[in-house]
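**Q**
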Amino acid sequence: MKCINQYIVASVAACAVFLLFSCSTPASPSPEPVAPDGGKMRLEFDNVVGDKNLVLNSVTYKNASNEDFVVTKFNYFISNIKLTKSDGSVFTMPQDSSYFLIKEDTKSSQFVTLNNVPFGDYTAAEFMVGVDSLRNTAPIEKRFGVLDPSGSMMDDGMYWAWNSGYIFVKLEGTSSKGNPVNGKFYYHIGLFGGYNEKTVNNTRVVKMNFGELKASVTSGKAPEVHFLVDVLKVFDGPAANITIAGYNSIMGGQPEKSQQIADNYVNMFTLDHIH
């Protein structure tokens, strides 16, 4: 009985010591939440034909040469995005997060979300139409997402396997002035300057000043910058007036004409509004 009493006393004492230290030892402080230093901005690329909305396969439009045409496909790459703040500082999107394929037949692709954009008021944007030479020639493992040549890229037809390069802008359609056999026209514009041998460089940079408007990125607001993209500028621009009757197909084998179209389509983009 004496042994049992001694055991009980010892157990009670041990519990008391444990409780004493448990109460007197301060709990580890919870880490302070880290406030984000950046937010989101969304760019919308709204494809139009003059003052009309672009509708694939069913609506007939006319270019500056009064040629009728129906658009069946309109795809283009946007990359290397830079944003300028009101104080003149420039935020460059990380390279791996700066390639987007805009497709008229996929509505979601026309909305580009930029993440981790530093808070502030932005007054200008800059982006490339096309894919730069470094990414065109990068190892395959560096080309993922919309740049993956082994994925849906082959279905979308935006990669020239024979030339190891991307098609920057693809415009396809039908016209009474198109190919005499099937009435189609094809403009596939690529070429980044060449790797093993020099080619023309049809990447183009668009610089868009917001004027009196600004896109304010805050913790509670993700502005949307709405661009209009006019297909008519492919045909008619400062470089050349391209007629379907004269050129129902322009691809990599016609570098001079492809360069003229590139000089035209850099003017496709205008700022509509910011909200």
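For the sequence shown, our numbering gives the first residue as 5, with consecutive numbering after it. Note that CB positions come from ideal geometry on N, CA and C, so glycine has one too.
(1) Considering only residues of the same chain and omitting the five flanking positions on each side of residue 43, which have a CB-CB separation below 7 Å?
(2) Unbroken alpha helix (DSSP H) runs of length 4 or more, entirely within the stretch 139-182: which are they?
(3) For a minimum of 3 consecutive residues, which ranges assigned as the beta strand (DSSP E) are wholly contained in the stretch 32-105?
(4) Of the residues 252, 162, 276 and 83, which one's Cα is nearest the Cα of residue 216?
(5) To the nearest angstrom, how far is the alpha carbon of residue 242 from that of residue 149?
(6) Please state whether DSSP places residue 248 in a helix, a strand or coil.
(7) Comparing alpha-carbon positions, which option in 125, 198 and 255 lies nearest residue 95?
(8) Taking the straight line between their C-alpha atoms, what separation do you get for residue 204 and residue 265?
(9) From residue 210 to residue 271, what distance separates their C-alpha atoms?
(10) Just the C-alpha distance for residue 48 and residue 212, rounded to the nearest angstrom, thanks.
(11) By DSSP, does residue 276 sit in helix, in strand, or in coil?
(12) Count the other CB atoms within 10 Å of the CB of residue 134; is the residue buried (16 or more) or exposed (fewer)?
(13) If distances are taken between C-alpha atoms only, which option among 45, 249, 236 and 250 comes closest to residue 129?
(14) Using C-beta distances below 7 Å, list every residue in its chain close to residue 263, excluding the 5 sequence neighbours before and after it, in chain order.
(15) Inspect the beta-carbon positions of residue 194 and residue 172 and report whether they are closer than 9 Å.
(16) Taking all protein chains shown into account, do 16 or more other C-beta atoms lie within 10 angstroms of the C-beta of residue 268, making it buried, or fewer, making it exposed?
(17) Looking at C-alpha atoms only, which residue of 232, 144, 143 and 152 is the closest neighbour of residue 274?
(18) Exposed or buried, what is residue 201 when buried is set at 16 or more other beta-carbons lying within 10 Å of its beta-carbon?
(19) Which same chain residues end up closer than 6 Å to residue 183 when comparing Cβ atoms and leaving out the 5 residues on each side of it in sequence?
(20) Which of the three DSSP states, helix, strand or coil, is assigned to residue 271?
(21) For residue 29, which three-state DSSP category applies?
(22) Rounded to whole angstroms, what is the Cα-Cα separation between residue 59 and residue 69?
(23) Quick one: what's got a C-beta closer than 6 Å to residue 181's C-beta in the same chain, skipping five residues either side?
(24) Using a 10 Å radius around the Cβ and a threshold of 16 neighbouring Cβ atoms, would you call residue 185 buried or exposed?
**A** In short:
(1) Indexing the sequence shown from 1 puts residue 43 at position 39. Listed in chain order, the non-local C-beta contacts of residue 43 below 7 Å within the same chain comprise 121, 123, 221, 222, 223 and 226, local neighbours out to five positions each way being set aside.
(2) You should have 157-160.
(3) Entirely contained in the stretch 32-105, the beta strand (DSSP E) runs reaching 3 residues are, in chain order, 42-53, 72-89 and 94-96.
(4) As a position in the sequence shown, residue 216 is number 212, starting the count at 1. It is 276.
(5) As a position in the sequence shown, residue 242 is number 238, starting the count at 1. As a position in the sequence shown, residue 149 is number 145, starting the count at 1. The straight-line gap from Cα to Cα measures roughly 34 Å.
(6) If you number the sequence shown from 1, residue 248 lands on position 244. When DSSP states are grouped into helix, strand and coil, residue 248 belongs to the coil group.
(7) The residue labelled residue 95 in the question sits at position 91 within the sequence shown. Ranking the options by Cα distance to residue 95, first place goes to 125.
(8) Taking the first residue of the sequence shown as position 1, residue 204 is located at position 200. Taking the first residue of the sequence shown as position 1, residue 265 is located at position 261. About 12 Å.
(9) For the purposes of this step, residue 210 is taken as the residue at position 206 of the sequence shown. For the purposes of this step, residue 271 is taken as the residue at position 267 of the sequence shown. Distance between the alpha carbons of residue 210 and residue 271: 8 Å.
(10) Numbered from its first residue, the sequence shown carries residue 48 at position 44. Numbered from its first residue, the sequence shown carries residue 212 at position 208. About 14 Å.
(11) Here residue 276 corresponds to residue number 272 of the sequence shown, with the count starting at 1. Three-state DSSP puts residue 276 in a strand.
(12) Within the sequence shown, the letter at position 130 stands for residue 134. When all chains shown are included, residue 134 counts as buried.
(13) Position 125 of the sequence shown, counted from the first residue, corresponds to residue 129. When the alpha-carbon of residue 129 is set against those of 45, 249, 236 and 250, the nearest one is in 45.
(14) Within the sequence shown, the letter at position 259 stands for residue 263. Correct list, in chain order: 204 and 206.
(15) The sequence position of residue 194 within the sequence shown is 190, counting from 1. The sequence position of residue 172 within the sequence shown is 168, counting from 1. Here residue 194 is near residue 172, since their CB atoms are less than 9 Å apart.
(16) Here residue 268 refers to the residue found at position 264 when the sequence shown is read from its first residue. With 16 or more other Cβ atoms within 10 Å, it is buried.
(17) Taking the first residue of the sequence shown as position 1, residue 274 is located at position 270. Of 232, 144, 143 and 152, the residue nearest in Cα terms is 232.
(18) Along the sequence shown, read from residue 1 onward, the residue named residue 201 stands at position 197. Exposed is the call here.
(19) The residue you call residue 183 lines up with position 179 of the sequence shown. The answer, listed in chain order, is 252.
(20) Residue numbering aside, residue 271 sits at position 267 when the sequence shown is read from its first letter. Residue 271: coil per DSSP, three-state reduction.
(21) Locating residue 29 in the sequence shown gives position 25, counting from the first residue. Annotation note: pLDDT 49 at residue 29 (below 50); position unreliable, no value reported.
(22) Working through the sequence shown from its first residue, we reach residue 59 at position 55. Working through the sequence shown from its first residue, we reach residue 69 at position 65. Each residue's alpha carbon lies about 20 Å from the other.
(23) Translated into the one-based positions of the sequence shown, residue 181 becomes position 177. Residues of the same chain with a CB within less than 6 Å of the CB of residue 181, apart from the 5 flanking positions on each side, are 71, 248 and 249 in chain order.
(24) One-based indexing of the sequence shown puts residue 185 at position 181. Residue 185 is classed as exposed because its beta carbon has fewer than 16 other beta carbons within 10 Å across all chains shown.
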